[in-house]
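Undergrad:
And the structure:
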């Protein structure tokens, strides 16, 4: 997934901003218009973090500890928003993979994204 | 009352007219049962739901998927009164079927993903937003008569 990290990541973010406008409130400091440099750069960061998590899937809590602290203490994103981005990542994958995005693949990725989000949100309180 | 823009109305009619409902309904329901296994609790008499392959090949799942999508079609044809159109269905799901309304959202998410897979690049962010707004109104209408 890494070579297309920018494409998948930025598309997922754009879908989230379009479908759930309230998520834009966390990005007032960036230019998140379609295809902007900020959008692509940020999308790439997110997908790379997901890939890192996938490579260390048995030790998510340790691997993601810095990101977890960042999201809890600095970003303070309302936890429901993780589900919105996860959903948009799945939609992006479905659009690109069509029938290859089988129910089993969908279940596995949804499970992974949920576990990933849970770690990111675990230090919130 | 829900306000629909011209773009949203046109998009919803377009997406559903292009949709192969015989395929999308069954796939969405099967996906829901596979990705969110707790939803299987409502389908105890559907026979073999033991694994993904069984669910995808189960004829009762397929038939019910078509029924659900047929129900959605009524909302497509009555976009200005989805609440009224679904009042009876809402009572049915609450009083007779006892379905936790949170599960409607899960099926709606699976439906969105199946439609996305079918439409590919045509399911642009703007189309997705319109589709999800429509689905959210349907889900809300279905959950209204619970008490």
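Protein chains in written order, with full-length UniProt numbering: chain V, 1 to 125; chain P, 1 to 147.
From the three backbone atoms N, C-alpha and C, an ideal C-beta is built for every residue, glycine too.
Where in the UniProt domain "Globin" (3–147) of chain P do unbroken runs of the alpha helix (DSSP H), each at least 4 residues long, occur, reported from the N-terminal end onward?
TA: Runs of the alpha helix (DSSP H) inside the UniProt domain "Globin" (3–147) of chain P: 6–18, 21–35, 52–57, 59–77, 82–85, 87–91, 102–119, 125–142.
Undergrad: Taking 8 Å as the threshold, find out whether the region 102–116 of chain P comes into contact with the region 29–42 of chain P through three or more Cβ pairs.
TA: yes
Undergrad: Taking residue 18 of chain V as part of the alpha helix (DSSP H), name the residues at either end of that continuous run.
TA: The residue you call residue 18 of chain V lines up with position 18 of the first chain. Here the alpha helix (DSSP H) through residue 18 of chain V covers 5–19.
Undergrad: Could you give the C-beta distance for residue 19 of chain V and residue 128 of chain P, rounded to a whole number, given that I count them as a contact under 8 Å?
TA: Position 19 of the first chain holds residue 19 of chain V. Position 128 of the second chain holds residue 128 of chain P. With a Cβ gap of about 5 Å, residue 19 of chain V and residue 128 of chain P count as contacting.
Undergrad: Can you have a look at residue 9 of chain V and say buried or exposed, based on whether 16 or more other CB atoms are within 10 angstroms of its CB?
TA: Counted from its first residue, the first chain places residue 9 of chain V at position 9. When all chains shown are included, residue 9 of chain V counts as buried.
Undergrad: Is the CB of residue 40 of chain P under 9 Å away from at least one CB in chain V?
TA: Here residue 40 of chain P refers to the residue found at position 40 when the second chain is read from its first residue. With 9 Å as the cut-off, residue 40 of chain P does not count as an interface residue toward chain V.
Undergrad: Show which residues of chain C have a CB atom less than 8 Å away from the CB atom of residue 47 of chain V.
TA: In the displayed structure, chain C is absent; the protein chains listed are V and P.
Undergrad: Specify, as a first and last residue, the run of the alpha helix (DSSP H) that residue 122 of chain V falls within.
TA: Stepping through the first chain from its first residue, residue 122 of chain V is reached at position 122. Segment: none, residue 122 of chain V is in no alpha helix (DSSP H) and carries neither H nor E.
Undergrad: Let me know the secondary structure DSSP gives residue 68 of chain V once reduced to three states.
TA: The residue given as residue 68 of chain V occupies position 68 in the first chain. In this structure, residue 68 of chain V counts as helix in the three-state DSSP scheme.
Undergrad: Cα separation between residue 120 of chain P and residue 15 of chain V?
TA: Here the question's residue 120 of chain P lines up with position 120 in the second chain. Here the question's residue 15 of chain V lines up with position 15 in the first chain. Near 14 Å, if we compare the C-alpha coordinates of residue 15 of chain V and residue 120 of chain P.
Undergrad: Closer than 7 Å by C-beta to residue 68 of chain V: which residues in its own chain qualify, once you throw out the five before and the five after it? Chain order, please.
TA: By one-based count along the first chain, residue 68 of chain V stands at place 68. Excluding positions up to five away in sequence, the list reads 119, 120, 122, 123.
Undergrad: So, residue 82 of chain P versus residue 138 of chain P, is the Cβ gap smaller than 9 Å?
TA: Your numbering for residue 82 of chain P matches position 82 in the second chain. Your numbering for residue 138 of chain P matches position 138 in the second chain. Contact flag set, yes.
Undergrad: Tell me whether residue 110 of chain V is buried or exposed, calling it buried when 16 or more other Cβ atoms sit within 10 Å of its Cβ.
TA: Position 110 of the first chain, counted from the start, is the residue given in the question as residue 110 of chain V. Buried, by the Cβ-count rule.
Undergrad: Could you check whether the region 66–82 of chain P touches the region 46–56 of chain P, counting it as contact only if at least three pairs of C-beta atoms, one from each stretch, sit closer than 8 Å?
TA: no
Undergrad: Would you call residue 98 of chain V buried or exposed, if buried means 16 or more other Cβ atoms sit within 10 Å of its Cβ?
TA: By 1-based counting over the first chain, the position of residue 98 of chain V is 98. It counts as exposed.
Undergrad: State buried or exposed for residue 90 of chain P, treating a residue as buried only when at least 16 other CB atoms are found within 10 Å of its CB.
TA: Mapped onto the second chain, residue 90 of chain P falls at position 90. It is buried - the Cβ of residue 90 of chain P has at least 16 other Cβ atoms within 10 Å.
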